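**Student:** Questions regarding the structure given below will be posed in turn.
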Amino acid sequence: MQIDRWVLLGIMGLLVSSSAFGASSLRMLAEKKGITIGAAVGLPQVTDDAKYKEVVAREFNVVTPENAFKFAATQKGLNTFDFSQADQIVEAAKKMDQKIRGHNLVWHHSLPDWLTKGRFSNIQKKEILRFHIQSVLNHFRSTAQGRIIAWDVVNEAITDDGKLRSSFWQNPETSPDEYITLAFQWAHQADPTVKLFYNDYSAEGINKKSDAIYHMIVNLKDRGVPIDGIGSQFHLDLKDPPDFASVKKNMQRFAALGLEIHITEMDVEMDLKKVNKATLEAQGKIYGNALRTCLGVPECKSFVSWGFTDKYSWIPSFHSGFGSALLYDEAFEPKPAYQALVKVLEQEG
Ligand code: XIL
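Residue numbers (my numbering): -2 to 346.
Shown next as structure tokens:
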């Protein structure tokens, strides 16, 4: 009788520990649902911070380099490429058996001074963009070997009121959106094996901005421009979450165009003076609703947050007084938002 009790306790212990270390990790649950789940990762934390690495490896099966693949990080001077930061991210992802979302090739923001102050002619700018896209894709085609599940080719090209945003990359001698068409065509020529995405924020539900993006993509597709997916960033504010019925309808209309959908940069910022149990629970609901909506649309295949620990979130420096936007607090303790994602992955059909 005594022995039986010990055996039983042992089995119970094993069950408890296996559910604490593995069975309930986000990546294991997401794999069962056929989606990738991940976070943006940054340097040097992904190589140097032991706690950070432990959580990334355990919880996520896809990572997005927060800055290391961007123009300023990869092209340090005219035609001078430096992939040292990017390669560290790729190596870390290989060790942790993770996919990568490539981010990004063409953006109006975060461009290096040598480029924006360089007084290049329109023809030179066009050639710089073509060579950048080709060089970056060639590099990763050989180093990341199929690990990149998507590239955000064009990032944030539409304004909140549905207009084309003015960008360094526009050529006043041609149509203002020509650079978008060319970017997708050049990307496809450089690597026909990788999925090409358009990525933007504040376009989660149906609104002026998502309408404009929708029409832009219809137009690209009508002209045979290669585009495979749409990234919806989901930089949200606790006070103003989207209407998730509208988010679902929006995802469905993009899916009907034959596009894959990714949630690419989710965070839910809040007033740092108002962080408490109730606000953190409310934040968890928003995370849960976003993931549930994604799981409800078969073409939604990836769910990525913009970081995972408040220790390294971009929000406090971008929006002073705001933060606490991610799944883990600054001490790497999971927040209600993390539990909400686990619950959705465990429950949804
Ligand atoms: C942000 C990074 O988090 C910051 O570290 C950097 O200084 C600026 O860019 N939309 C995007 C991301 O597509 O690339 C941005 O990342 C956040 C908003």
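Glycine residues also receive a C-beta, built at the ideal position from the N, C-alpha and C atoms.
From a predicted model like this one, the values you see are computed outputs, not experimental measurements.
(1) With respect to the alpha helix (DSSP H) encompassing P313, which residues constitute its N-terminal and C-terminal limits?
(2) By DSSP, does N204 sit in helix, in strand, or in coil?
(3) Can F347 and L323 be called in contact, C-beta distance under 8 Å?
(4) For Q280, tell me which candidate among S132, Q230, S321 has the shortest Cα-Cα distance.
(5) When DSSP labels each residue in this structure, what does T77 get in the three-state scheme?
(6) Between the alpha carbons of H185 and L179, how many angstroms are there, rounded?
(7) Which same chain residues, not among the five before or five after Y309, have their C-beta less than 8 Å away from its C-beta?
(8) Taking 8 Å as the threshold (C-beta atoms), are L277 and G318 in contact?
(9) How far does the beta strand (DSSP E) with M263 in it reach, from first residue to last?
(10) From what residue to what residue does the beta strand (DSSP E) around T140 run?
(11) Can you list, in chain order, the residues of its chain whose CB lies under 6 Å from that of C291, leaving out five sequence neighbours each side?
(12) What number of angstroms, rounded off, separates the C-alpha of A17 from the C-alpha of G35?
(13) For a test of the three-state rule: what should DSSP assign to R24, helix, strand or coil?
(14) When you compare the CB positions of W166 and V103, do they come within less than 8 Å of one another, or not?
(15) Within the same chain, show all residues whose beta-carbon is closer than 8 Å to that of I210, passing over the 5 residues directly before and after it, in chain order.
(16) According to DSSP, is L102 helix, strand or coil?
(17) Looking at the strands, I want to know which residues DSSP matches up with P62.
(18) Buried or exposed, going by whether 16 or more other CB atoms sit within 10 Å of the CB of F57?
**Tutor:** Short version:
(1) Position 316 of the sequence shown, counted from the first residue, corresponds to residue 313. Element bounds for P313: 312 to 315.
(2) Translated into positions along the sequence shown, residue 204 becomes position 207. Note: N204 maps to coil in three-state DSSP.
(3) Residue 347 lies beyond the range of the chain shown here (-2 to 346); nothing can be said about it.
(4) Counting from one through the sequence shown, the residue named residue 280 turns up at place 283. For the residues S132, Q230, S321, the minimum Cα distance to Q280 belongs to S321.
(5) In the sequence shown, the residue the question calls residue 77 occupies position 80. DSSP places T77 within a strand segment (E or B) once states are collapsed to three.
(6) The residue labelled residue 185 in the question sits at position 188 within the sequence shown. The residue labelled residue 179 in the question sits at position 182 within the sequence shown. Cα-Cα distance, rounded: 10 Å.
(7) Position 312 of the sequence shown, counting from 1, holds the residue named residue 309. A distance below 8 Å between beta-carbons, with the five flanking residues on each side excluded, links Y309 to the following residues of its chain, in chain order: G39, Q42, Y49.
(8) One-based indexing of the sequence shown puts residue 318 at position 321. One-based indexing of the sequence shown puts residue 277 at position 280. Against a cut-off of 8 Å, the Cβ pair of L277 and G318 comes out as no contact.
(9) As a working mapping, residue 263 is identified with position 266 in the sequence shown. Run containing M263: 257 to 268, per the beta strand (DSSP E) assignment.
(10) Looking up residue 140 in the sequence shown gives position 143. For T140, no beta strand (DSSP E) segment is defined; the enclosing uninterrupted segment is the alpha helix (DSSP H) at 119 to 140.
(11) Against the sequence shown, residue 291 aligns to sequence position 294. Closer than 6 Å at Cβ, skipping near neighbours: I260, C297, F300.
(12) The residue labelled residue 17 in the question sits at position 20 within the sequence shown. The residue labelled residue 35 in the question sits at position 38 within the sequence shown. The predicted model places A17 with a pLDDT of 45, which falls under 50 and marks its position as unreliable; any figure quoted below should be read in that light. Taking the straight line from one Cα to the other gives about 19 Å.
(13) On the sequence shown, position 27 is the one that residue 24 refers to. Helix at R24.
(14) Taking the sequence shown and counting its residues from 1, one reaches residue 166 at position 169. Taking the sequence shown and counting its residues from 1, one reaches residue 103 at position 106. Yes, Cβ-Cβ distance for W166 and V103 is below 8 Å.
(15) Here residue 210 refers to the residue found at position 213 of the sequence shown. Around I210: I155, Y195, D197, A200, I227.
(16) As a working mapping, residue 102 is identified with position 105 in the sequence shown. In the three-state reduction of the DSSP assignment, L102 falls in the strand class.
(17) Here residue 62 corresponds to residue number 65 of the sequence shown, with the count starting at 1. According to DSSP, P62 bridges with V38.
(18) In the sequence shown, counting from the first residue as 1, residue 57 sits at position 60. By the neighbour-count definition (other C-beta atoms within 10 Å, threshold 16), F57 is a buried residue.
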